[in-house]
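Reviewing the structure listed below.
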Amino acid sequence: MRTTKQLEISRRDLFITSAATLAATSVAAPLAAPAQSSGSTMDLTTSVAFSVNGAQQTLVVDNRTTLLDALREHLHLTGTKKGCDHGQCGACTVMVDGRRINSCLTLAVMHDGASITTIEGLGQPGNLHPMQAAFVKHDGFQCGYCTPGQICSSVAVLEEIKANIPSHVTEDLTEQAALTSAEIRERMSGNICRCGAYSNILDAINEVAGVPA
Numbered sequence: 384m385r386t387t388k389q390l391e392i393s394r395r396d397l398f399i400t401s402a403a404t405l406a407a408t409s410v411a412a413p414l415a416a417p418a419q420s421s422g423s424t425m426d427l428t429t430s431v432a433f434s435v436n437g438a439q440q441t442l443v444v445d446n447r448t449t450l451l452d453a454l455r456e457h458l459h460l461t462g463t464k465k466g467c468d469h470g471q472c473g474a475c476t477v478m479v480d481g482r483r484i485n486s487c488l489t490l491a492v493m494h495d496g497a498s499i500t501t502i503e504g505l506g507q508p509g510n511l512h513p514m515q516a517a518f519v520k521h522d523g524f525q526c527g528y529c530t531p532g533q534i535c536s537s538v539a540v541l542e543e544i545k546a547n548i549p550s551h552v553t554e555d556l557t558e559q560a561a562l563t564s565a566e567i568r569e570r571m572s573g574n575i576c577r578c579g580a581y582s583n584i585l586d587a588i589n590e591v592a593g594v595p596a
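Residues 384 to 596 (my numbering) make up the sequence shown, in order.
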């Protein structure tokens, strides 16, 4: 039986043994050559054409580019805001073919041929959209960061109700969706205002919708 003395090994012997083992392994199994790319970087890009605020635009974008980044970084339409980048705040809301979407959650290449409307396409200084004018009148904003998304969403909400698209609080699905505060609040619930201007936003939407105060 081995004695304790026979089992002892010095640190120097351990280092020498480890180095020798590593060297032998490296010789026996040389590193694999780096894999060669089968294509160029152009394989990751796509040409996409769509109408933005009435103007035809053609972009060559990385396939991973969101519609939000295409609008902000490629077309410099910075009215559409990047908030949470997870589809939770609504600051990036735009309208695609008349329907509102969170532009941070969709890829630009998915909307080839689409008609896109951003806050810049709704109105301009001196020629405001009625919803923009109502937000100003009713003080429907404070910091203003979420306001472009709020306004785009508000315009789309009224169109949804007009088209009789129900919400989770629509009581009678066989009747025309009603223009009530409950309906508007539910439909606008995806647009977060960190300043808490919700009551004023509701007043602005009601005015444009023709709901009595």
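Every residue, glycine too, gets a C-beta built ideally from N, C-alpha and C.
In chain order, what residues of the same chain have a beta carbon less than 8 Å from the beta carbon of T449, not counting five sequence neighbours either side? The residues are S486, C487, L488, T489, L490, A491.
What residue from V443, T563, C467, G466 has the CA that sits closest to L458's CA? Nearest to L458 by alpha-carbon distance, out of V443, T563, C467, G466, is V443.
Answer with buried or exposed for I584, where buried requires no fewer than 16 other C-beta atoms within 10 angstroms of its C-beta. That one is buried.
DSSP three-state label for T448, please. Of the three classes helix, strand and coil, the one that applies to T448 here is coil, per DSSP.
Does the stretch 492-509 come close enough to the stretch 562-578 that 3 or more CB-CB pairs lie under 8 Å? Touching, no, given that fewer than three Cβ pairs across the two stretches are closer than 8 Å.
Given this structure, state the Cα-to-Cα distance separating G532 from N574, to the nearest angstrom. C-alpha separation (whole angstroms): 7 Å.
Is the Cβ of A560 closer than 8 Å to any Cβ of chain C? Absent from the structure is chain C; it holds one protein chain and no more.
Measure the alpha-carbon distance for A411 versus Q440 and round it to whole angstroms. Low local confidence applies: a pLDDT of 49 at A411 is under 50, so the model's placement there is unreliable, and no value is given.
In its own chain, which residues sit with a C-beta less than 7 Å from the C-beta of R482, not counting the 5 before and 5 after it? Once the five neighbours on either side are set aside, the close Cβ partners of R482 are A539.
Give the secondary structure of I567 by DSSP, where H, G and I count as helix, E and B as strand, and everything else as coil. The three-state reading of DSSP puts I567 in helix, counting H, G and I together.
Short Cβ contact (8 Å threshold) for C475 with G462: Result no, Cβ atoms of C475 and G462 do not sit closer than 8 Å.
C-alpha gap between M514 and G527, whole angstroms: For M514 and G527, the distance between alpha carbons rounds to 14 Å.
How should T557 be labelled, buried or exposed, when 16 other C-beta atoms within 10 angstroms of its C-beta is the threshold for buried? Counting of Cβ neighbours within 10 angstroms places T557 among the exposed residues, the total staying below 16.
Any idea what DSSP makes of Q533, helix, strand or coil? Of the three classes helix, strand and coil, the one that applies to Q533 here is helix, per DSSP.
Is R482 helix, strand or coil when you go by DSSP? Of the three classes helix, strand and coil, the one that applies to R482 here is strand, per DSSP.
DSSP puts S430 in a beta bridge; with which residues? Per DSSP, V443.
CB contact flag (C529, V477, <8 Å): Not closer than 8 Å, so no.
Please classify I499: does DSSP put it in a helix, a strand, or coil? The answer is strand: DSSP assigns I499 an E or B state.
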